[in-house]
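Residue numbers (numbering that gives the first Met the number 0), protein chains in the order written: chain L, 0 to 614; chain W, 0 to 614.
2 protein chains.
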Amino acid sequence: MLREIREWLIGPPLPTTSASHERLDKIRALAALSPDALASVAYANQEIFLGLVVAGAAGLTYSWSIAVAIAMLLAIVSLSYSQVINAYPTGGGSYSVAKENLGSTPGLVAAAGLTTSYVLNVAVSLTAGVAAIASAFPSLWPYRITLALLLLLLMTLANLRGLRESGTVMSVPVYLFAGTYLLMIGYGIYIALTQGPASLQATAPPAIEPVTPFLILHTFAAGCTALTGVEAISNGVTIFNPPEAKNANQTMAAMTILMGILFLGTVGLTQYLAVIVLPEKETILSGLTRHTFGSGILYLLIQSATLLVLVVAANTSYVGFPRLASLVAQDGYLPRQLSFLGDRLVFSNGVMLLAGLAGFLIIFFGGNTHLLIPLFAVGAFLAFTMSQAGMVVHWLHNQGSNWLFKSFMNSLGTLVTGAALLIIAVSRFVDGAWIVIFLIPLLVLTFRMIHNHYDDIRQQLTLRGLPPSLTPLPEPRIVLPVSGVHRGVIEALRYARSISDNVTAVFVEIEPGSGEFTRKRWEEWGLDHDAPLVIVPSPYRSVVGPLLDFLDKTDREHNDGQLASVLLPEFVPARWWQTLLHNQTAMALKLALTYRRKKANKIRAIIDIPMHLRK
Amino acid sequence: MLREIREWLIGPPLPTTSASHERLDKIRALAALSPDALASVAYANQEIFLGLVVAGAAGLTYSWSIAVAIAMLLAIVSLSYSQVINAYPTGGGSYSVAKENLGSTPGLVAAAGLTTSYVLNVAVSLTAGVAAIASAFPSLWPYRITLALLLLLLMTLANLRGLRESGTVMSVPVYLFAGTYLLMIGYGIYIALTQGPASLQATAPPAIEPVTPFLILHTFAAGCTALTGVEAISNGVTIFNPPEAKNANQTMAAMTILMGILFLGTVGLTQYLAVIVLPEKETILSGLTRHTFGSGILYLLIQSATLLVLVVAANTSYVGFPRLASLVAQDGYLPRQLSFLGDRLVFSNGVMLLAGLAGFLIIFFGGNTHLLIPLFAVGAFLAFTMSQAGMVVHWLHNQGSNWLFKSFMNSLGTLVTGAALLIIAVSRFVDGAWIVIFLIPLLVLTFRMIHNHYDDIRQQLTLRGLPPSLTPLPEPRIVLPVSGVHRGVIEALRYARSISDNVTAVFVEIEPGSGEFTRKRWEEWGLDHDAPLVIVPSPYRSVVGPLLDFLDKTDREHNDGQLASVLLPEFVPARWWQTLLHNQTAMALKLALTYRRKKANKIRAIIDIPMHLRK
């Protein structure tokens, strides 16, 4: 039954041999690898507006300069990543590049940064997508959290099924987004040219803060989220048709130019046309679209394209995060389950972990993109910096043609992204960046602890020092906890007697008098010939505590070098929901027995006798 | 370790003998039983304002008439419940009264209605409390969900510890709330008398809807949430000092008068002083308080008292819901676990179920009280109506002194609450009442299904028809799944050989070649003398599937009337968090084995051999 639901939701298992490797031409590779970077325009724009609007018209006149600064940063980072593509044509993630060139700790720092930015990318993209559609349909506004969680659920199921970065499917939202926005920018420029600049003084709300250098830096830091996702192409070089490096580099250039146009175009028009919105009712991009196209069908198309491209952008984390987690887990720094391919050839555990973390963020920050943004850029820029620094070391070691120029490009990248990281960390510290700044060292420590644990285990499981043949064990003593006299107990007692002559039944008395009643029935059915029945009182109404005490006592009394085995009669209801109708005493007892440590390092076997109910 | 955290959070276990029954004088009983009813004033007020403000000044002039109608309804319901107190001095909940007098289905309908209203009381009270405090501190507004969930968590922990309806502690918020509001109403009347009425035309926003009969009924229905919680005193008669019925009746009268003053006073003043607020920024009660006292210390005191009394009101569900669930569970209509007293003498399962359901509602409705309200009143008024109808039948059967008058009072109560229920159900259907209207029959069906299941079980477990002595079983065949050659496997093999001479080890090969490697090591260590090793391939990378197939095959081949027992070597890490670092194959296998049904009704034993790791 459960398996049927599972198969319906995520499909039947796939054999290992069906794992294939799709290769894409440049048009489709751009669609597969760029949505994260392109969609960043949506929230980066919003952040620049929110950062400056508090200073009124005087503040908003800085939009263009800030956008140009960020576009220059984008160009430098993009050129630096071209060097990564040249050096690692098999795909160089920040974790691998930093680990290989700088050592394991810098690698783990990059991994920690990437982890936070993958999770935040999902939360930010989904909440921003919901904001885009709720701008068009204001009655959806109060349900933003629920809508974002619903999208998260759908994406998680799709990815557990094994949605590939199928270039063809991705092309629709990506090119729809790029096309409609280019159209809007073109038409916006036409309006701007025919009508001339509008006055921000006339539309902007009154300033509630002065324009200060801090305000500008703070807004610049918020706008830097536009760069998140730029590294995707350098991670995915292997999906390009050969010659991979050349095609990847050309696609990277195309993406950078497209991003630049979308970003500068929308920010520039917003300022030139003096567009203003009420931030608690709609996004600034929605405002710009209404300003150019009115509220008709084109407006709805653009808002839908924005939602779609943001969902696709969130999806890139579903590809990247499980892959990163599996690399880190293979190196022994994360739970090993994260490196197992599920039966749909997907790193299912990584997918579910990502969904859980992103869901938590969405709920905790009330589905509000603006509150999430300060946490976002720190991780991404940390990974940028580590990876660029790693590349500098790479060129110094490996040299090769043009290595001086290449190492200069990556040094520039390191410096610029490092400086941006510093600006982001300082100017957005109190807004929430502090959370990530404390989290990253904590993550690195956790990675190390996990690694140590796996080392310890390996030592404890070795057979070195064991005698060459098995030393035999005596016949087990068996303790059978019973809740009354019924068929399940009879079956359990039969099994117990088939493996041992030493069986004791135990009844924990919670209701006074129930012990005497059970003993009478036990004797009526002649069960005392097969096993004596012991009645144990329970003043605290717990079954587990008195049973554990009884086990300790009987082990002490026998003192025969073994711990009594516990045999548990269990019912298995016919339908899964009926399990909820039964007290999970057997389960609680198993947990307690498994996790209670015995000093002597002896083993207590737990034997389950499941009795299947017919209806 | 886990037990220590648990004890720190909810305290050590308490013996059954320490269960005590606290009795309260009228002053403290009022504080213990009335917060739910009194706090309703906060959100009922808000709902009347939100219902009418869409019709501008013309709409808001109806506030007072609607409030008077609701106050009259309150008086009738309160008088009807006095009859319940007289008839059931041992405490008559709606479930018991309806079940005893009308039969089991009407009883279950009342229980279903109560269930929904208990859960909604928590969600509505907490979100309304957070709105009260966020009105005072606007920066908290975006974190309303997180704050409400935090309060929910704290209350759940306090109730798992076993917070009693301790009259003394409850008195502080309840009398602080009543006192400060009476003070505000008194001062408000003074302002009103000295300044005369203010003009709603001057302050109200323009009408966006006309005043229609539907708008008035719709607002009346929303305002009826003021009555939720009125029945609490009639449920809790036993906590009064003797003579219980007389004291309870006097307290009921005092509570009704106090509610009436608070409700009519605040609604009346809001209209007379023409107070208006922006609903997305503050509550109407916050607006009224600012209008009378300004935004100083008295304002903060009143907002804090509102939050506190709403938290205490939410807490009444933590008393009522687990108690109701335990009554219904004792009758076999809900999972039996809900009737077990936990080790802190609290119905812990009921407490956690309530918290889970309320948490879901808070997240789903975005922490927005206004969206939750339409779901609230249906359940409460359904329970009112069933209970009043039950009382009519009670008087007809039992008669006694004054029975004609008493049955008249309860008939009036049935009619009036029934009519209000109809108005609420119809006028708020599309706003969300439909959810509850569909949910209630579904709940009743579920109650019946659960009851049938327990009947079925009883029949299947009976010993009737069993032979008088145990038929012996043959020596078990044992299958030992192994993941490699290590100490855990050696220990498991030793145990297997102590209970059977027929042991087979199975290795599931996921990585090609790992099977041959394991076989070599198996033979190197001479383990093939104790058990042959079988290698099973796994094309889908699953461990569980191939093992289940192997078990079926070996059972078929042996055909000896038994199913092979499965013996599972398991590691138990030294610290609980390390469990997360290990693949839960043994757990998955146990689940699969337990839930896979065998036609022949034979039993497959599952034997766990836990090996405790030292660090």
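A virtual CB, placed ideally from N, CA and C, is assigned to each residue, including glycine.
Exercise for review: Please specify which runs of the alpha helix (DSSP H), each continuous and at least 4 residues long, are wholly inside the region 84–143 of chain L, giving them in chain order.
Suggested key: 93–101, 103–135
**Study point:** Short CB-CB distance (under 7 Å) between N409/L and chain W
**Key:** no
Review point. Would you call I69/L buried or exposed, if buried means 16 or more other Cβ atoms sit within 10 Å of its Cβ?
Key: buried
Practice item. Taking V484/W as the query, report the chain L residues whose CB atoms sit under 7 Å from its CB, ordered along the chain. Key: L462
Exercise for review: Report yes or no: do the region 82–89 of chain L and the region 359–368 of chain L share at least 3 C-beta pairs separated by less than 8 Å?
Suggested key: no
Practice item. Could you check which residue in F262/W, S233/W, M385/W has the C-alpha nearest to that of T224/W? Key: F262/W
Exercise for review: Using a Cβ-Cβ cut-off of less than 7 Å, list which residues of the region 509–532 of chain L approach chain W; keep chain order.
Suggested key: W524, G525, D529
Exercise for review: Below 8 Å on the Cβ atoms is my guess for L580/L versus H452/W; work out the distance and round it to an integer in Å.
Suggested key: 6 Å
Check your understanding: Cβ of H557/L less than 7 Å from any chain W Cβ?
Key -> no
**Study point:** Given A504/W as reference, the closest of S170/W, T384/W, L546/W once Cα atoms are compared
**Key:** L546/W
Review point. Where DSSP assigns a beta bridge to S564/W, which residues make up the other side?
Key: I477/W
Review point. Of all the CB atoms in chain L, is at least one closer than 7 Å to the CB of K614/W?
Key: yes
Check your understanding: By DSSP, does L462/W sit in helix, in strand, or in coil?
Key -> coil
Practice item. Look up I608/W in the DSSP assignment and give the residues it is bridged to. Key: P568/W
Review point. Taking the C-alpha atoms as reference points, what is the distance between G487/W and P609/W?
Key: 8 Å
Review point. Buried or exposed: where does F404/W fall if 16 or more other Cβ atoms within 10 Å of its Cβ makes it buried?
Key: exposed
Practice item. Report all residues from its chain with a CB closer than 6 Å to the CB of A122/L; omit the five preceding and five following residues, and keep chain order. Key: A357, L360, I361, L371
Exercise for review: Can you tell me which of D455/W, Y539/W, R555/W puts its alpha carbon nearest to the alpha carbon of R574/L?
Suggested key: D455/W
Practice item. Pull up the distance between the alpha-carbon of L101/W and that of G389/W, whole angstroms please. Key: 6 Å
Check your understanding: Exposed or buried, what is K601/L when buried is set at 16 or more other beta-carbons lying within 10 Å of its beta-carbon?
Key -> exposed
Exercise for review: On a CA-only basis, which of L125/L, F346/L, S170/L, D529/L is nearest G365/L? Give me that one, please.
Suggested key: L125/L
Review point. Going by other Cβ atoms of all chains shown within 10 Å of its Cβ, with 16 needed for buried, is H369/L buried or exposed?
Key: buried
Point to revise | First and last residue of the uninterrupted alpha helix (DSSP H) at A504/W | key: Looking at the DSSP string, A504/W is not in any alpha helix (DSSP H); the run it does join, the beta strand (DSSP E), is 502–508.
Check your understanding: Mind pulling the chain A residues with CB within less than 7 Å of F363/L?
Key -> Protein chains L and W are contained in the structure displayed, whereas chain A is not.
**Study point:** Inter-residue Cα distance where the pair is I386/L and Q82/L
**Key:** Strictly speaking, residue 386/L in this sequence is Ser, with Ile absent from that position. Taking the straight line joining both Cα atoms gives about 11 Å.
Check your understanding: When the cut-off is 7 Å and only beta carbons count, does D548/L lie next to chain W?
Key -> no
Practice item. Using a Cβ-Cβ cut-off of less than 9 Å, give me the residues of the region 329–352 of chain L that come near chain W, in sequence order. Key: L333, P334, R335, Q336, F339, L340, G341, D342, L344
Exercise for review: Using the Cα positions of L297/W and F380/W, report the straight-line distance between them to the nearest angstrom.
Suggested key: 36 Å
Check your understanding: Taking just the CA atoms, how far does Q302/W sit from P196/L?
Key -> 48 Å
Practice item. With a 10 Å radius around its C-beta and 16 neighbouring C-beta atoms as the bar for buried, classify W521/L as buried or exposed. Key: buried
Check your understanding: From the beta carbon of H450/W, is the nearest beta carbon of chain L less than 7 Å away?
Key -> no
Exercise for review: Kindly indicate which three-state DSSP category I534/L falls into: helix, strand or coil?
Suggested key: strand
Point to revise | Contact list for P473/L against chain W, beta-carbon separation under 9 Å | key: S497
Practice item. Compare the C-beta of N501/L with all C-beta atoms of chain W and state if any pair is closer than 7 Å. Key: no
**Study point:** Inter-stretch contact (C-beta, 8 Å, three-pair minimum) for the region 39–48 of chain L and the region 247–257 of chain L
**Key:** no
Check your understanding: Grouping DSSP H, G and I as helix and E and B as strand, with all else coil, what is F239/L?
Key -> strand
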